[in-house]
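Chains as they are written, first to last, in the UniProt record's numbering: chain R, 1 to 354; chain Y, 1 to 354.
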């Protein structure tokens with residue numbers, strides 16, 4: 001906006017505490033980096049809050065992102081911070097509309113890295129169809145952070161009413177939209193320093209707005225026509241703790257179990273190899289672009305067909321069934337007919353994965 | 001929910017990385033501390049996102065809080081994290097409704113402190129009339145944070161349309177709802193270790209929902225009846241950078257200036273003393289519970305009367321006037337008739353004040 005702002009853009013190559021002061025340097029960062037990246041009138045009004053068009057029913061979610069390293073194969077903390085919140089909105093039956101964006105930067109963080117992250121955020125927001133309409137930037141002293149932490153919160157309009165886990169019943173199908181554990185395995189390999197440049201291992205980080213919409217449309221679900229007998233009972237993206245932990249959240253204290261068929265699990269060979277090296281189980285590795293759905297078995301085929309037509313959904317599969325055996329548990333059925341209990345993640349298999 | 005969770009509540013006295021894993025320990029923290037504190041059905045459903053009643057027009061805002069020390073006279077980071085976002089919603093003309101709450105905890109942070117902060121958040125949310133409906137908790141390794149950082153994002157329904165700074169015109173009155181600089185001075189004194197137990201210096205941290213509602217009602221403003229001639233042009237809480245920086249945001253690049261009358265500024269003696277000791281100017285010290293309003297001079301008296309009836313608004317005063325002298329600037333008129341320019345805060349007078 002002002003000449004001196006444009007001129008001073010290039011004088012610093014690292015974040016200093018001044019950029020969090022609320023004064024000139026904060027304005028400079030907003031005017032020269034953030035506003036151009038997330039070009040929209042609402043954000044440009046620079047009020048304390050954004051005024052938005054509303055809807056009868058809203059979906060609201062938040063996540064903070066502290067992933068280490070901030071850049072990993074297939075994404076970075078910026079991309080993740082958009083996908084994470086967009087996906088939470090989608091899993092709650094929402095159409096993602098608006099995001100807030102808040103940075104906690106550590107003094108000394110390179111400006112070039114910050115700009116690259118902002119650019120990832122802008123690209124991903126565009127892909128997911130959301131506007132970044134309000135934000136905040138804080139800077140903490142060197143040694144009181146780890147480069148960059150990001151929080152996003154999101155508002156969506158309700159697309160469909162999902163009845164939730166109380167509507168799950170024996171016989172229901174458990175579906176996943178793609179191969180599992182890629183994000184967790186990719187971040188852990190990147191952190192270990194063992195990842196080769198030409199490795200096919202990449203994070204599955206992607207927005208689920210299209211896949212979730214396709215699944216709900218295939219099931220004929222809308223914001224009106226739903227209820228406890230709605231064909232899709234629950235949607236969830238298996239992030240921290242992975243598929244095994246998320247499914248345990250569905251079954252705990254409920255009168256049913258979920259039986260996974262090991263031979264049906266879509267697992268990329270690169271993820272299997274990485275998990276062997278690192279001593280991890282793909283079933284506990286985070287996904288950041290996969291959707292778990294529990295649905296009426298009669299609708300499962302249509303939902304799978306619909307998901308497979310969306311980029312990133314090609315490997316959608318039914319991976320399990322809801323049963324009455326051992327209520328409250330998640331069981332893994334091995335190819336030779338054995339069964340083992342998959343407990344909820346109890347320690348910290350993968351710290352700072354998102 | 002489960003017996004082992006209740007039993008294990010007391011086994012740890014410090015946050016460990018496990019509490020951010022998304023597994024059992026995360027559940028334990030949610031079930032045993034967070035859900036009881038923010039008791040509401042929406043949060044208790046524990047989905048990835050909250051489904052909420054909506055409205056035609058929404059106000060949306062976010063802030064991250066990194067204040068050091070996390071506890072200060074008159075408040076703590078928990079209270080601040082509710083007031084900060086609630087006040088941003090109020091300043092944008094909103095009725096605050098819903099908050100998201102996200103923690104970035106450092107490994108080793110004492111559980112007792114965490115519980116005390118959560119309790120502050122619950123109390124303050126109740127006072128401000130907002131529900132905490134969705135949240136997230138991350139834990140970072142020891143040495144990669146500073147005990148606790150908090151992000152809140154908030155949704156409000158539109159109470160009134162504020163036309164913004166383009167509607168400000170010469171002759172308008174500049175009002176403040178109470179004494180200035182208390183929060184910044186209190187935090188800096190607490191940080192310096194110079195603050196005596198019996199000092200009357202306390203942060204002004206408080207929610208502005210009642211004061212902003214009273215002002216807008218006194219001006220007859222609603223979500224319908226407003227426009228560029230609405231009597232209240234703009235509201236803003238002068239946080240980082242204080243009153244001087246916020247007023248500069250109103251005037252910069254605009255065809256008017258704001259002239260403050262030094263003798264009219266409500267400044268507590270304890271703030272004057274603290275600022276003398278620390279070498280600070282109260283006009284640049286953050287407030288966290290004060291409202292600046294620029295309004296039609298004919299309505300100013302009614303607005304002041306209305307604000308003074310609300311607890312925390314007793315010292316509301318007109319502190320300045322919009323003029324055509326030196327467009328773009330903020331001027332301070334001293335008691336002997338001198339004038340000096342109050343520039344925007346350019347360096348970092350007060351790092352990590354909120």
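Note that CB positions come from ideal geometry on N, CA and C, so glycine has one too.
Would you call residue 328 of chain R buried or exposed, if buried means 16 or more other Cβ atoms sit within 10 Å of its Cβ? To locate residue 328 of chain R, count along the first chain from 1; it is residue 328. By the neighbour-count criterion, in which 16 or more other beta carbons inside 10 Å mark a residue as buried, residue 328 of chain R falls on the exposed side.
Near-chain Y residues of the segment 244–267 of chain R - C-beta to any C-beta below 7 Å: 245 and 253
Using a 10 Å radius around the Cβ and a threshold of 16 neighbouring Cβ atoms, would you call residue 7 of chain R buried or exposed? As a working mapping, residue 7 of chain R is identified with position 7 in the first chain. Unreliable placement is indicated for residue 7 of chain R, whose pLDDT of 34 sits below 50; no coordinate value is reported for it.
What residue from Y:35, Y:66, Y:193 and Y:235 has the CA that sits closest to residue 294 of chain Y's CA? As a first step, residue 294 of chain Y is located in the second chain; it is residue number 294 there, counting from the start. Among Y:35, Y:66, Y:193 and Y:235, the Cα nearest to that of residue 294 of chain Y is on Y:235.
Can you have a look at residue 224 of chain R and say buried or exposed, based on whether 16 or more other CB atoms are within 10 angstroms of its CB? Position 224 of the first chain, counted from the first residue, corresponds to residue 224 of chain R. Residue 224 of chain R should be labelled exposed.
Among the candidates R:176, R:139 and R:98, whose CA atom is the shortest distance from the CA of residue 111 of chain R? Reading the first chain from its first residue, position 111 is the one you call residue 111 of chain R. Taking only the C-alpha atoms, the option nearest residue 111 of chain R is R:139.
Top-ranked residue by Cα proximity to residue 13 of chain Y, from Y:108, Y:63 and Y:84: In the second chain, the residue the question calls residue 13 of chain Y occupies position 13. Closest option to residue 13 of chain Y, judged by alpha-carbon separation, among Y:108, Y:63 and Y:84: Y:108.
Quick one: measure Cβ to Cβ for residue 34 of chain R and residue 135 of chain R, integer angstroms, because I've assumed they're closer than 8 Å. Stepping through the first chain from its first residue, residue 34 of chain R is reached at position 34. Stepping through the first chain from its first residue, residue 135 of chain R is reached at position 135. Between the beta-carbon of residue 34 of chain R and that of residue 135 of chain R there is about 7 Å, and that keeps the pair under the 8 Å contact cut.
From this set, Y:73, Y:350, Y:303 and Y:86, which residue's C-alpha is nearest residue 62 of chain Y's C-alpha? Residue 62 of chain Y sits at position 62 when you count from the first residue of the second chain. Per the Cα distances, Y:86.
Could you pull the DSSP bridge partners for residue 259 of chain R from this structure? The residue labelled residue 259 of chain R in the question sits at position 259 within the first chain. Paired residue(s): R:321 and R:331.
Determine the burial state of residue 196 of chain R: buried for a count of at least 16 other Cβ atoms within 10 Å of its Cβ, exposed for fewer. Residue 196 of chain R sits at position 196 when you count from the first residue of the first chain. By the 10 Å Cβ count, residue 196 of chain R comes out exposed.
Step through the CB atoms of chain R and report whether any lies within less than 8 Å of the CB of residue 308 of chain Y. In the second chain, counting from the first residue as 1, residue 308 of chain Y sits at position 308. So no, residue 308 of chain Y is outside the interface.
Out of R:158, R:232, R:173 and R:72, which has the shortest C-alpha to C-alpha gap to residue 96 of chain R? Here residue 96 of chain R refers to the residue found at position 96 of the first chain. Taking only the C-alpha atoms, the option nearest residue 96 of chain R is R:158.
Mind checking whether residue 67 of chain R and residue 187 of chain R have CB atoms under 8 Å apart? Numbered from 1 along the first chain, position 67 holds the residue referred to as residue 67 of chain R. Numbered from 1 along the first chain, position 187 holds the residue referred to as residue 187 of chain R. In this structure, residue 187 of chain R lies closer than 8 Å to residue 67 of chain R by Cβ.
Spell out the partners DSSP gives residue 237 of chain Y in its beta bridges. Numbered from its first residue, the second chain carries residue 237 of chain Y at position 237. Beta-bridge pairing links residue 237 of chain Y to no other residue.
CB contact flag (residue 181 of chain R, residue 310 of chain R, <8 Å): Within the first chain, the letter at position 181 stands for residue 181 of chain R. Within the first chain, the letter at position 310 stands for residue 310 of chain R. Against a cut-off of 8 Å, the Cβ pair of residue 310 of chain R and residue 181 of chain R comes out as no contact.
Reducing DSSP to helix, strand and coil, say where residue 292 of chain Y ends up. For the purposes of this step, residue 292 of chain Y is taken as the residue at position 292 of the second chain. Looking at residue 292 of chain Y - three-state DSSP - the assignment turns out to be strand.
Cβ of residue 361 of chain Y within 8 Å of any chain R Cβ: With chain Y covering only 1 through 354, there is no way to say anything about residue 361 of chain Y.
Do residue 304 of chain R and residue 232 of chain R have their C-beta atoms within less than 8 Å of each other? For the purposes of this step, residue 304 of chain R is identified with residue 304 of the first chain, where counting begins at 1. For the purposes of this step, residue 232 of chain R is identified with residue 232 of the first chain, where counting begins at 1. The answer is no: Cβ separation not under 8 Å.
Which parts of the segment 136–188 of chain Y are runs of the alpha helix (DSSP H), unbroken and 4 residues or longer, counting only runs that do not cross its ends? Inside the segment 136–188 of chain Y, DSSP marks no whole alpha helix (DSSP H) run of 4 or more residues.
Can you name the residues of chain R whose CB is closer than 8 Å to the CB of residue 351 of chain Y? Here residue 351 of chain Y corresponds to residue number 351 of the second chain, with the count starting at 1. Here the neighbours are 17, 20, 21, 139 and 141.
List, in chain order, every chain Y residue whose beta-carbon is nearer than 7 Å to that of residue 39 of chain R. Along the first chain, read from residue 1 onward, the residue named residue 39 of chain R stands at position 39. Under the 7 Å cutoff, chain Y gives no residues; its nearest Cβ is about 18 Å from residue 39 of chain R.
Boundaries (first-last residue) of the alpha helix (DSSP H) holding residue 51 of chain R: Counted from its first residue, the first chain places residue 51 of chain R at position 51. It is not in any alpha helix (DSSP H) - residue 51 of chain R instead sits in the beta strand (DSSP E) that spans 50–65.
Separation of residue 297 of chain Y from residue 216 of chain Y, as counted between CA atoms: On the second chain, residue 216 of chain Y is found 216 positions in, with the first residue counted as 1. On the second chain, residue 297 of chain Y is found 297 positions in, with the first residue counted as 1. Approximately 14 Å, taken between the alpha carbons.
Mind checking if residue 135 of chain Y is an interface residue toward chain R, Cβ cutoff 8 Å exclusive? Residue 135 of chain Y sits at position 135 when you count from the first residue of the second chain. Taking Cβ atoms only, chain R reaches closer than 8 Å to residue 135 of chain Y, which makes this a yes.
Cβ pair residue 287 of chain R, residue 239 of chain R closer than 8 Å: Residue 287 of chain R sits at position 287 when you count from the first residue of the first chain. Residue 239 of chain R sits at position 239 when you count from the first residue of the first chain. Contact: yes.
Determine whether the beta carbon atoms of residue 318 of chain R and residue 173 of chain R lie at a separation below 8 Å. Taking the first chain and counting its residues from 1, the one referred to as residue 318 of chain R is at position 318. Taking the first chain and counting its residues from 1, the one referred to as residue 173 of chain R is at position 173. Taking 8 Å as the Cβ cut-off, residue 318 of chain R and residue 173 of chain R qualify as a contacting pair.
I need the boundaries of the alpha helix (DSSP H) containing residue 353 of chain Y, first residue and last residue. Along the second chain, read from residue 1 onward, the residue named residue 353 of chain Y stands at position 353. From DSSP, residue 353 of chain Y is part of no alpha helix (DSSP H); its letter is neither H nor E.
Thinking just about the alpha-carbon of each residue, which of R:141, R:205 and R:90 is nearest to the one in residue 124 of chain R? Along the first chain, read from residue 1 onward, the residue named residue 124 of chain R stands at position 124. The candidate whose alpha carbon is nearest that of residue 124 of chain R is R:205.
Can you find the residues in the same chain that come closer than 7 Å, C-beta to C-beta, to residue 118 of chain R, ignoring five residues on each side of it along the sequence? As a first step, residue 118 of chain R is located in the first chain; it is residue number 118 there, counting from the start. The residues are 33, 34, 37 and 78.
Chain-ordered neighbours of residue 56 of chain Y on chain R, where CB pairs are closer than 9 Å: Translated into positions along the second chain, residue 56 of chain Y becomes position 56. Ordered by position in chain R, the residues that pass the 9 Å Cβ test against residue 56 of chain Y are 53, 54 and 55.
Beta bridge counterpart(s) of residue 134 of chain R as assigned by DSSP: The residue you call residue 134 of chain R lines up with position 134 of the first chain. Answer is R:100, bridged to residue 134 of chain R.
Would you please verify whether the beta carbon of residue 401 of chain R is less than 8 Å from any beta carbon of chain Y? Lying before the first or after the last residue shown, residue 401 of chain R is absent from chain R, which here runs from 1 to 354.
Per DSSP, what kind of secondary structure is residue 342 of chain R in: helix, strand or coil? On the first chain, residue 342 of chain R is found 342 positions in, with the first residue counted as 1. In the structure shown, residue 342 of chain R sits in coil (DSSP, three-state: anything other than H, G, I, E or B).
Taking buried to mean at least 16 other C-beta atoms within 10 Å of its own C-beta, is residue 336 of chain R buried or exposed? By one-based count along the first chain, residue 336 of chain R stands at place 336. The residue is exposed, with fewer than 16 neighbouring Cβ atoms inside 10 Å.
By how many angstroms is the C-alpha of residue 151 of chain R removed from the C-alpha of residue 81 of chain R? Start at 1 with the first residue of the first chain, and residue 81 of chain R comes out as number 81. Start at 1 with the first residue of the first chain, and residue 151 of chain R comes out as number 151. Roughly 7 Å separates the two Cα atoms.
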